[in-house]
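In this note's numbering, the protein residues as written are 24 to 136.
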């Protein structure tokens, strides 16, 4: 504690004024950052809403059934366990191939349908 008092007593009035100004500057910038952090950023909210809409459409497309997947689902009870697993894998691959253009567009690429 003595060393801090020694340092402070050795500072000139001009040094003390500069130190005070630097402290005010530091604290005021922290207050501004806290104020900005507490206020919602509407572009972020809008971007998140658009992102959620895209993700929602992707999830809906993943759960969508077409004639091919319904046929495989209908045949599964007639297959052995090993072939049922392969049928499940085939349906997952078909869904992924169906989603590929949407995923490409979602990631910022061009949709060449």
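Positions of the beta carbon are idealized from the N, C-alpha and C atoms, including for glycine.
- For residue 109, the enclosing alpha helix (DSSP H) has its first and last residue at 104 to 129.
- The beta carbons of residue 91 and residue 117 sit closer together than 8 Å.
- Taking residue 95 as reference, the option from 115, 78 and 47 with the minimal CA-CA separation is 115.
- Taking 8 Å as the cut-off, the Cβ atoms of residue 84 and residue 121 count as close.
- When secondary structure is reduced to three states using DSSP, residue 36 falls in the helix class.
- For residue 90, the enclosing alpha helix (DSSP H) has its first and last residue at 90 to 98.
- Between residue 113 and residue 102 the beta-carbon gap is near 11 Å, outside 8 Å, which marks them as no contact.
- Annotated three-state conformation of residue 87 is coil, per DSSP.
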